[in-house]
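FYI, the numbering for the sequence shown is 1 to 103, going by UniProt numbering.
Written below as structure tokens is the structure these notes are about.
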Amino acid sequence: MAAKLRKGDKVVVLAGKDKGKEGTISSVDPKAGKAVVDGINIAIRHTRQSQNSQGGRLPQANPIDLSNLALLDKNGKATRVGFRMEGDKKVRFAKTTGDVIDA
């Protein structure tokens, strides 16, 4: 199945502690149905100091479920994603505006 949300997409969080925040997807795990969004779902990880890293309390972005994310259209509003054929190519489009999402 084609991915509705991909790496590099601008998204808004629909549910959870970061509801309403916006960010860019840095990685997607389609098998688990989760994505890592920059600056969203941040947790503090305590790491031990080693020869090449400082250690201490480091903030880390944790994965968030894809169902809690919505793509931002060109107007900056949350939209659902659909697929359609343009010529012989399958493209994603925003349901609110009908515009093709350049991928």
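Virtual Cβ for every residue (Gly too), placed ideally from N, Cα, C.
The structure presented is a predicted model; accordingly, all values stated were derived computationally and were not measured.
Buried or exposed: Ile-40, going by 16 or more other Cβ atoms within 10 Å of its Cβ?
Your numbering for residue 40 matches position 40 in the sequence shown. By the 10 Å Cβ count, Ile-40 comes out buried.
Endpoints, the beta strand (DSSP E) within which Arg-84 is located
Position 84 of the sequence shown holds residue 84. Its beta strand (DSSP E) spans residues 81-86.
On a CA-only basis, which of Glu-86, Leu-69, Phe-83 is nearest Gly-16? Give me that one, please.
To locate residue 16, count along the sequence shown from 1; it is residue 16. When only C-alpha atoms are compared, the closest one is Leu-69.
Ala-35 - partner residues in DSSP beta bridges:
Looking up residue 35 in the sequence shown gives position 35. According to DSSP, which records beta bridges pairwise, Ala-35 is partnered with Val-28, Ile-64.
Should Thr-47 be labelled buried (16 or more other beta-carbon atoms within 10 Å of its own) or exposed?
Position 47 of the sequence shown holds residue 47. The residue is exposed, with fewer than 16 neighbouring Cβ atoms inside 10 Å.
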